[in-house]
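Numbering (our numbering), first residue to last: 408 to 536.
Every residue, glycine too, gets a C-beta built ideally from N, C-alpha and C.
Predicted model, so just to flag it, every value in this text is computed and none were measured.
Heads up, the thing below is written out as structure tokens.
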């Protein structure tokens, strides 16, 4: 795993922990309201508790949405950083795949050598057996 995969994994774990914490807080608050609903006899008080319960559920949904949005934005930034890094610094696997692609192209065209131009005044001749 490269450094970007490690950061993405840590970000995923952090998002999961935050989501669990939001849900725990919601469950705790709703649990207290449910206990109070069992004790209260007047209709007005029950309606007020039901309204508070619905407000807590809506606040939880909004918190989850915001948490997800922040997570997606951070993940997108990390992926963009990863793309920029690997565009400037290709990994060994990327280099091996590029060379294999060039070798396949040379083999399919029936050539044993290819000339590759690197920059304006540099070129290299690749020979394949």
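Sequence-distant residues of the same chain with beta carbon closer than 8 Å to residue 513, five excluded per side: One-based indexing of the chain shown puts residue 513 at position 106. Closer than 8 Å at Cβ, skipping near neighbours: 519, 520, 521, 533, 535.
Option in 434, 484, 490 with minimal Cα separation from residue 460: In the chain shown, counting from the first residue as 1, residue 460 sits at position 53. Nearest neighbour of residue 460 by Cα position, chosen from 434, 484, 490, turns out to be 434.
C-beta contact flag for residue 498 and residue 441 at 9 Å: The count along the chain shown starts at 1 and reaches residue 498 at position 91. The count along the chain shown starts at 1 and reaches residue 441 at position 34. Not a contact, by the Cβ cut-off of 9 Å.
Residue 502 in three-state terms, based on DSSP: One-based indexing of the chain shown puts residue 502 at position 95. In the structure shown, residue 502 adopts helical secondary structure according to DSSP, grouped into three states.
Neighbourhood of residue 501 by C-beta, 8 Å cutoff - its chain only, sequence neighbours within 5 removed: As a working note, residue 501 is residue 94 in the chain shown. Counting only Cβ-Cβ distances below 8 Å, and skipping sequence neighbours, we find 493.
Cβ-heavy atom distance, residue 414 to the ligand FMN, below 8 Å: The model depicted lacks the ligand FMN and carries no ligand whatsoever.
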